[in-house]
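Here is the structure we will look at.
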Amino acid sequence: MVNLYGIPGAGKSTLAIHLGHQLGKLYPDCQIYFNLRGSNNVAVSAEDLLGGVLVALGVPPAEVPTGLVLRSASYRSALAAMRSIIVVDNASTAEQVEPLLPGSAEAAVLITSWAPIAELPGVHTMPVRKLDDDAALEMLRAVTRREITEADLLPVKQVVRLTDSLPLALRIAGGLLKAHPHWSWNDLLRRMGGHDDSVRLDNLVSGSLGVRATFDLAYSDLDLATARGYRLLGLAPSAEMKSELAHVLISADVYVAERIFDELVSRELLQRVTSSKFRMHDLIWLRANSLAHDVEETEVREAAVARMVAWSLDRLDSEYLPQLRLSLSHLEGLPGNEGTPLALTQVYVDSPVVSDDSIDTTTSLDEIFPRDRRVVLVAPGGMGKTTMAGNLCYNSTARRGADGGGPLPLIILARDLRSGDGDSGLETLIIRTLRHRYGFELPIEALQTILNDGDATVVVDGFDEVIEPSLRTNVLASIIGFSKTYPTVAMLVTTRHYSSSRRDFPGFSFITIAPWTRETTTRYMSKLATASNSPIPREVFQRLRERALRLPEDFITTPLYAQMALSTLYYHNQVPRSFTRMMDLIIDQAVFRREQRRGTLFVPPEALKQVLEATAYDMQKSSTNRVFVSQRHLVDIVTQTMENLSENVPAVRVIDVMAARSGLFSEAVQTPEGESFFAFSHTAIREHLAASHLARMAPADVADVMAGHYLDASWEAVFVIALELGGRTLYDNVLRGAERIGDRGLVRAILLWHETIRYQ
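Okay, so the sequence shown: first residue is 354 according to the working numbering, each after it adds one.
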């Protein structure tokens, strides 16, 4: 006798019926199926079920006894000499099952239930869990009868995530696609609601199959206190919650609350992840949330939300701020070294900024913001926009931590945004950043309390990296809408300049970072020299600083240039006459010298450099996100490049060398679906490598690329570097190509770029 138990929708009934058919050859005399929920999901008594079975076993209807005891005895007598298999589906208690058990030792019994029924003598309980990712993909492939190509993999994994690998939900989703052969996987994703959780359960319905209806069967079996606890847990900000928050939501005596948790856990409606953390299946949490709003008394629900908000706000300063402070406390090390991070407080120097209102006067960012509540900080790459915004937030955490006052810094990194995120409001993006970057769950109600009180500073960093047109439009609309909804919340956006930037941010003040003076550079280099974890010895650093400060003034006008000047002096005892040549030396240091020090060259350095260049160029020309590349796509780039170079090195080994040894490129994030994404250590490195790849292309092709992107700030940097690397010959040929294309704007841009380039 085996009891299959588990979460509603896990496929227990399907598995039991399948096993019943498979075992039928071993039990040939009789196969019986009891459904304690009946055809309409209404509970059916064991007495009624036995009456029907006795007739099926040959007992004349008039001779079927009345009463459960007599019918159970007749049933067992009828099966006494038979080798039979019995499936008892949708059981809740041992009392329901016992009358349906045969008396013969020659019989086999399969029981399905939400909670284990361990009281039955001799029963073996076996949990039925949701599928792992590979099994979920295989199930979708089997249900849809479609092959899943590489191009399909991302949307298919998103479908798996939206179903949380629940077999019933996968079966319904696959059935929808099968019923609509003209749909793509992306069409199915949109049909399921995409990022809109509120409609997901509505759409996971196919004929008589429905995820919501299945969950509600389990819910209907709960006693009143447990049912209320289930609904209130649905108010948590996500399916995973601290046990302390679960207690806050239920607000019951600790022993009563633990009984409720134990009951929900036993029915697989809740899981204990650790002693301090619970998790609900994503879809179960969505259903509990909808029940909390549709069924729960308003006063009870609002009181639970108020308790949760108070609990969350109490923990902002003690849990979120330390994580944020830690993440902001260190900067990337000097380019070209081993990447030792530098302490922000030891090396930070205020960069002078110029505002629209005082174009002849420099000041500091903190003198403008947050006094001016709507600010866009515009500057080229390498000027330190992200560092300045990070320092501002770091100081806010210090002030707030010291006396509990001051606004709460909230950061959205534009490079984290993905297709579909534009459909979410800025509040949702803030909550997602808090969760994924800092491990802090903040309910939307708590965030709205903070924002309505004006007790926050919101930073959107790197807006220019949002390149997908629809995503950019929607995120921009979210920023403008947010600024109007919360007029007392200070907002700072950092971006490179782009053609429509001032039109895009009406009502925002624009400030830019002024070029560094020799005095600013001197202060910065002095701090670098005395930083406790600087990779360059202090006495060496002092000598390097003196040499660097004798360079032409326009050579050390940005933090990045100053760092690179010191780095190339230290590693190469020289500073080339241009930033581009400096970057060449730094990349060669990372690629060639590191590999040569290892003796055994798993990847020839020249091949590795060309792979890095091809990767950077592919990322640069992405129409969705040029900051990250998925591992799946990276394998394709590496494989193709190595084939072109006739190098027989597996792609995974090349990626390992790129990520683990070059210091230029590494794994950056992992999605909830488990997919890895990689990024270059600095935007300037990606742009330089992309330019190196571009400079080797035919001039006519380079002109064509320029024609499509010359208004893009990041591409402009790439084009200038490519022209410098290619020399005057490339410049002359590209200019002729642009004239042939007939784009006057492109011709003017190339002429302007030419004036800034220091050709060798």
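Think of the CB as a built atom: it goes at the ideal place given N, C-alpha and C, for glycine as much as any other residue.
Exercise. So who's on the other strand from V828, going by DSSP bridges?
Worked result: Partner(s): none; V828 has no beta bridge.
Problem set entry | the region 838–854 contacting the region 806–822, beta-carbon criterion three pairs below 8 Å | Using a Cβ-Cβ distance cut-off of 8 Å, the region 838–854 and the region 806–822 are in contact, since at least three pairs of beta carbons, one from each stretch, lie closer than that value.
Exercise. Under a Cβ-count criterion, where at least 16 other Cβ atoms within 10 Å of its own Cβ denotes burial, should Y608 be classed as buried or exposed?
Worked result: Y608 is classed as exposed because its beta carbon has fewer than 16 other beta carbons within 10 Å across all chains shown.
Problem set entry | Rounded distance between the beta-carbons of V417 and L407, thought under 8 Å | With 8 Å as the limit, L407 and V417 qualify as a contact, their Cβ atoms being about 5 Å apart.
Exercise. Which residues in the same chain have their Cβ closer than 6 Å to the Cβ of V729, if we skip the five residues on either side of it in sequence?
Worked result: These residues qualify, in order along the chain: V846, F858, F861 and F863.
For this session: Can you check DSSP and say which residues form a bridge with D442?
Result: Under the DSSP definition of a beta bridge, D442 partners with N388.
Exercise. From what residue to what residue does the alpha helix (DSSP H) around R584 run?
Worked result: Where R584 is concerned, the enclosing alpha helix (DSSP H) stretches over L577 to L586.
Exercise. Over what stretch of residues does the beta strand (DSSP E) that includes E459 continue unbroken?
Worked result: From DSSP, E459 is part of no beta strand (DSSP E); its letter is neither H nor E.
Problem set entry | Selected residue, minimal CA-CA separation from A656, among M935, A605 and M936 | For A656, the nearest C-alpha among the options comes from A605.
Exercise. What residue from E621, H646, D647 and T627 has the CA that sits closest to I637's CA?
Worked result: Ranking E621, H646, D647 and T627 by Cα distance to I637 puts E621 first.
For this session: Confirm, please, whether the CB-CB distance from L586 to A641 is below 7 Å.
Result: Going by beta carbons, A641 and L586 fall inside the 7 Å limit.
Exercise. Going by DSSP, what residues sit across from K531 in a beta bridge?
Worked result: Residue pairing for K531: DSSP places it in no beta bridge.
For this session: Report back the beta-carbon spacing between V1007 and V991 to the nearest angstrom; my notes put them in contact at under 8 Å.
Result: That pair is a contact at about 5 Å.
Exercise. DSSP puts G968 in a beta bridge; with which residues?
Worked result: With the sequence shown as reference, residue 968 is identified as Thr, and Gly is not the correct amino acid for it. Paired residues: none, contrary to the question.
For this session: Given a cut-off of 7 Å, decide if I464 and N388 are closer than it, judged by their beta-carbon atoms.
Result: No, the pair does not count as a contact, with Cβ atoms beyond the cut-off.
For this session: Locate the alpha helix (DSSP H) running through A843, then write down its first and last residues.
Result: Taken as a continuous stretch (DSSP letters only), A843 belongs to no alpha helix (DSSP H), being part of the beta strand (DSSP E) at A843 to T848.
Exercise. If you drop the 5 nearest sequence neighbours on each side, which residues of the same chain put their C-beta closer than 6 Å to that of Q511?
Worked result: By the criterion of a C-beta distance shorter than 6 Å, Q511 is surrounded in its chain by L542, once the five residues flanking it on both sides are discounted.
Exercise. Under 7 Å between the Cβ atoms of A1044 and V980?
Worked result: Here A1044 is not near V980, since their CB atoms are 7 Å or more apart.
Problem set entry | Cβ neighbours of V552 in the same chain (closer than 7 Å, five flanking residues each side left out) | The residues are G546.
For this session: Kindly list the residues whose CB is nearer than 7 Å to the CB of K595, restricted to its own chain and excluding five residues on each side of it in sequence; keep chain order.
Result: The residues S629 and K630, in chain order, have a CB closer than 7 Å to that of K595 in the same chain once the five nearest residues on each side in sequence are set aside.
Exercise. Where does S931 sit, in a helix, a strand or coil, going by DSSP?
Worked result: The DSSP-derived three-state label of S931 is coil.
For this session: Identify, in the order they occur along the chain, each residue of the same chain with its Cβ nearer than 8 Å to the Cβ of G1061, setting aside the five sequence neighbours on each side.
Result: Taken in chain order, the list of residues that qualify is empty.
Problem set entry | Element boundaries [alpha helix (DSSP H), containing Y673] | Looking at the DSSP string, Y673 is not in any alpha helix (DSSP H), and its letter there is neither H nor E.
Exercise. Who are H477's beta bridge partners in DSSP?
Worked result: V355, per the DSSP bridge assignment.
Exercise. Contact check, A867 vs V707 under 8 Å by CB: the rounded distance?
Worked result: Confirmed, Cβ separation roughly 5 Å.
Problem set entry | Between the CA atoms of L557 and I764 - distance to the nearest angstrom | So the two alpha carbons sit approximately 34 Å from each other.
For this session: Just grab the DSSP bridge partners of C383 for me.
Result: S437.
Exercise. With distances taken between CB atoms, is the gap from L897 to L922 smaller than 7 Å?
Worked result: Going by beta carbons, L897 and L922 fall inside the 7 Å limit.
Problem set entry | Nearest residue (CA-CA) to T1109, options A1075, E652 and D725 | Of the candidates A1075, E652 and D725, the one whose C-alpha sits nearest the C-alpha of T1109 is A1075.
Exercise. Exposed or buried, R1089, counting other C-beta atoms within 10 Å across all chains shown (16 or more means buried)?
Worked result: Flag for R1089 reads exposed.
For this session: Return helix, strand or coil for P762, following the three-state DSSP convention.
Result: Under the three-state reduction of DSSP output, P762 falls in the strand class.
For this session: Give the DSSP-derived three-state secondary structure of F816 in the structure shown.
Result: Three-state DSSP puts F816 in a helix.
Exercise. Roughly how many angstroms lie between the CA atoms of A1053 and G1095, to the nearest whole one?
Worked result: Rounded to whole angstroms, the gap between the alpha carbons of A1053 and G1095 is 13 Å.
Exercise. By the 10 Å Cβ neighbour count, where 16 or more other Cβ atoms means buried, how is P688 classified, buried or exposed?
Worked result: Its pLDDT being 49, under 50, P688 is placed unreliably by the model, and the measurement read from it follows with that caveat. The residue is buried, with at least 16 neighbouring Cβ atoms inside 10 Å.
Problem set entry | Buried versus exposed call for A363 [16 or more other C-beta atoms within 10 Å across all chains shown] | Flag for A363 reads buried.
Exercise. If you follow the alpha helix (DSSP H) that S862 is part of, which residue opens it and which one closes it?
Worked result: From DSSP, S862 is part of no alpha helix (DSSP H) but of the beta strand (DSSP E) over S862 to I866.
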